[in-house]
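*Asks:*
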Amino acid sequence: MWKGRFAKATADLVQQYGESISYDWRLYKHDIAGSIAHARAQVKAGLLTDAEFAAIETGLRAIEQEIDAGAFDFSIELEDIHMNIESALTDRIGAPGAKLHTARSRNDQVATDTRLYCREEIDTLTAHLTELQGALLQQADQHAAAVIPGYTHLQRGQPVTVGHHLLAYVEMIDRDKSRLADCRQRVNVSPLGSGALAGSTINLDRQQIADELGFNRVTTNSMDAISDRDYIAELLFDIALVGTHLSRLSEDLILWCSSEFGFATLSDAHTTGSSLMPQKKNPDVCELTRGKTGRLYGNLIALLTAAKGLPLTYNRDLQEDKEPLFDSIDTLKLALKVNTEMIADMAINVDTCLAAASDPLLLATDLADYLVKNGVPFRQAHELVGQAVAVSVQTNTPLDQLDLTQVSEHYGADAKDVFDLQTALAARTNPGAPSVGNVRAEVARWKKSL
Ligand code: ARG
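Here it is in structure tokens:
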């Protein structure tokens with residue numbers, strides 16, 4: 115494409131080192147859509163005749179179909195998807211193909227393609243996130259009333275329900291979706307027409323191109339437009355944070371599926387065995403999700419690092435944006451799909467959950483609240499209950515079996531009533547708290563909003 119100025123061909127190793135066609139080929143549909151919009155604007159500017167435009171459009175569509183069918187011959191000598199397509203077009207239709215690149219650079223072209231790609235993938239990820247929320251919601255609905263211990267420091271804290279626990283993830287995923295929607299606003303801007311860095315002496319109708327490609331608006335600084343990769347960094351961060359959420363969910367499920375917890379059982383279809391230990395049923399999907407989160411973080415850091423030292427405007431370092439982006443998108447899409455399926459098929463062992471939640475120590479805080487309701491200042495109530503817990507532990511007597519009236523005059527005969535799990539849960543009616551009524555109301559709200 116630049117042979118005019120050079121006396122020697124590019125070295126093989128340089129071609130190998132610099133090619134991006136092996137991965138950016140997947141931008142082809144966006145590249146072709148961008149080229150057709152660009153060509154249409156050239157018609158409006160009087161640079162192409164209707165017949166030339168028709169030849170370009172037909173030629174590009176034929177190339178698209180060939181790539182769809184896996185029949186297109188990509189060449190690393192042509193470095194990237196943009197030059198592969200342009201060169202194939204000119205081979206096929208001649209002169210009109212050679213006019214296509216007027217008032218355009220690969221710099222604004224690659225920025226356009228990548229934005230179109232990100233926009234499409236944001237929509238796909240959002241749909242997958244909604245499906246995962248749906249699977250969690252269905253389990254939360256079924257187990258809205260299944261009591262389970264809630265933990266802090268991985269020590270039993272207070273009773274909650276499985277529904278409440280799972281809805282916590284529905285909330286996280288909703289914030290993920292809103293972050294993606296916010297990112298989409300900044301993704302959906304048209305850089306085409308920014309040229310290499312300084313626009314062009316040939317003015318095409320940028321707004322027309324943006325409208326055709328479904329962009330919200332055009333970029334307003336050509337130098338920023340072609341060197342901006344913020345939207346990719348944002349998307350990679352949003353994906354990394356989804357990874358954090360999925361990884362935490364994975365860790366919960368790994369614990370729940372252990373013999374020590376026994377709260378949940380994953381389907382045989384979503385677990386694996388051991389080549390040596392015949393009894394094993396391993397939660398590999400959860401472990402892989404937890405592990406792959408590391409890649410998602412790595413991809414974000416790779417892009418931030420590649421961009422941080424670059425003077426304006428385009429530098430070839432920016433070609434390093436695509437592999438992390440593609441990897442994070444691919445990794446997350448599959449993670450969301452497999453986790454959705456796995457959660458939909460998961461069984462909750464409600465009896466085991468209830469047995470674990472029936473430890474009376476989980477209601478020690480409720481006992482302190484009881485004392486508060488009898489006029490004891492909370493700090494003193496906390497200490498009194500702490501003393502009772504110490505006696506319970508020392509004498510190996512469950513807290514609800516102690517004669518509390520012996521421990522302090524502040525306990526009445528009704529202190530024992532505190533240890534009714536259903537009453538304890540039912541009392542937690544404040545917004546966001548896990549009374550079964552609240553959890554059911556939240557399930558209903560989510561069902562409506564999803
Ligand atoms: N393959 C390149 C990339 O992905 C396309 C842009 C090349 N621009 C340039 N000035 N060499 O970044």
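Sequential numbering from 115 applies to the sequence shown in our numbering. Backbone N, C-alpha and C fix where the C-beta goes; we use that ideal spot for every residue, glycine too.
Should the stretch 431-441 be regarded as contacting the stretch 454-468, the criterion being three or more beta carbon pairs within less than 8 Å?
*Replies:* no
*Asks:* Given a cut-off of 8 Å on the beta-carbon distance, is the pair GLY309 and ASP222 in contact?
*Replies:* yes
*Asks:* If you follow the alpha helix (DSSP H) that TYR131 is part of, which residue opens it and which one closes it?
*Replies:* Here the alpha helix (DSSP H) through TYR131 covers 126-132.
*Asks:* Consider the C-beta atom of LEU432 and the heavy atoms of ligand 1; say whether any pair is separated by less than 7 Å.
*Replies:* Checking the 7 Å criterion, the Cβ of LEU432 is within range of a heavy atom belonging to ligand 1.
*Asks:* Can THR226 and SER314 be called in contact, C-beta distance under 8 Å?
*Replies:* no
*Asks:* Does DSSP put GLY271 in a helix, in a strand, or in coil?
*Replies:* strand
*Asks:* Measure from the C-beta of GLU191 to each C-beta in chain C and report whether the shortest distance is under 8 Å.
*Replies:* Given the protein chain composition of this structure (a single chain), no chain C is represented.
*Asks:* In its own chain, which residues sit with a C-beta less than 6 Å from the C-beta of LEU192, not counting the 5 before and 5 after it?
*Replies:* ASN198, SER201
*Asks:* Would you list the residues sitting across from GLY264 in a DSSP beta bridge?
*Replies:* GLN272
*Asks:* Do you know whose CA, among LEU230, ALA295, ARG206, LEU426, lies nearest ALA241's CA?
*Replies:* ALA295
*Asks:* Thinking C-alpha only, which one of THR275, GLY408, TYR484, SER292 is nearest PRO548?
*Replies:* THR275
*Asks:* I want to know whether the stretch 316-335 touches the stretch 364-384 - three or more CB-CB distances under 8 Å.
*Replies:* no
*Asks:* DSSP puts ASN396 in a beta bridge; with which residues?
*Replies:* THR386
*Asks:* Going by DSSP, what residues sit across from VAL332 in a beta bridge?
*Replies:* SER304
*Asks:* Along the chain, where does the alpha helix (DSSP H) that runs through LEU250 open and close?
*Replies:* 220-256
*Asks:* Where do the ends of the alpha helix (DSSP H) carrying SER314 lie?
*Replies:* Counting along the chain, SER314 falls outside any alpha helix (DSSP H), and DSSP gives it neither H nor E.
*Asks:* Only counting the same chain, and skipping five residues up and downstream in sequence, which positions put a Cβ closer than 7 Å to that of ASP138?
*Replies:* Spatial neighbours of ASP138 in its own chain (CB-CB distance under 7 Å, excluding positions within 5 residues in sequence) are listed in chain order as ASP194, ILE195, LYS436.
*Asks:* How about LEU246 and LYS447: do their beta carbons lie closer than 8 Å?
*Replies:* no
*Asks:* Give me the Cα-Cα distance between ARG385 and MET456, rounded to the nearest whole angstrom.
*Replies:* As written in the sequence, residue 385 is Thr, which differs from the Arg given in the question. Roughly 9 Å between the two C-alpha positions.
*Asks:* Could you check how far apart the C-beta atoms of LEU410 and THR454 are, in whole angstroms? I think they sit under 8 Å.
*Replies:* With 8 Å as the limit, LEU410 and THR454 do not qualify as a contact, their Cβ atoms being about 18 Å apart.
*Asks:* Assuming ILE177 and ILE146 make a contact with CB atoms under 8 Å, what is their CB distance in whole Å?
*Replies:* Contact holds; Cβ gap of about 7 Å.
*Asks:* By how many angstroms is the C-alpha of GLU401 removed from the C-alpha of GLN393?
*Replies:* 19 Å
*Asks:* What does the Cβ neighbour count give for GLY405, buried or exposed, with the cut at 16 atoms within 10 Å?
*Replies:* exposed
*Asks:* Roughly how many angstroms separate the alpha carbons of SER472 and SER381, rounded to a whole number?
*Replies:* 27 Å
*Asks:* State the start and end residues of the unbroken alpha helix (DSSP H) segment that holds CYS467.
*Replies:* Counting along the chain, the alpha helix (DSSP H) containing CYS467 begins and ends at 464-471.
*Asks:* In terms of residues, what are the limits of the alpha helix (DSSP H) holding ALA168?
*Replies:* Per DSSP, ALA168 is one residue of the alpha helix (DSSP H) stretching across 164-182.
*Asks:* Can we count ASN221 as close to ligand 1, meaning its CB is less than 7 Å from some heavy atom?
*Replies:* yes
*Asks:* Is it the case that the Cβ atoms of GLN272 and THR479 are separated by a distance below 8 Å?
*Replies:* yes
*Asks:* With distances taken between CB atoms, is the gap from ILE181 to TYR231 smaller than 8 Å?
*Replies:* no
*Asks:* Considering Cα atoms alone, identify which of ARG343, ASP255, LEU318 is closest to LEU424.
*Replies:* ARG343
*Asks:* Taking a contact to mean a Cβ-Cβ separation below 8 Å, would you say LEU518 touches LEU414 in this structure?
*Replies:* no
*Asks:* Comparing alpha-carbon positions, which option in LEU450, GLY500, LEU426 lies nearest ASP338?
*Replies:* Residue LEU426 is the option with its Cα nearest to ASP338.
*Asks:* For the alpha helix (DSSP H) that contains SER361, what are its first and last residues?
*Replies:* 344-370
*Asks:* List the endpoints of the continuous alpha helix (DSSP H) containing CYS445.
*Replies:* Checking the sequence, you will find Thr at residue 445 rather than Cys. 436-458 is the extent of the alpha helix (DSSP H) around THR445.
*Asks:* Just to confirm, are PHE565 and PRO474 a CB contact at a threshold of 8 Å?
*Replies:* Limits of the chain in this structure are 115 at one end and 564 at the other, which puts residue 565 out of reach.
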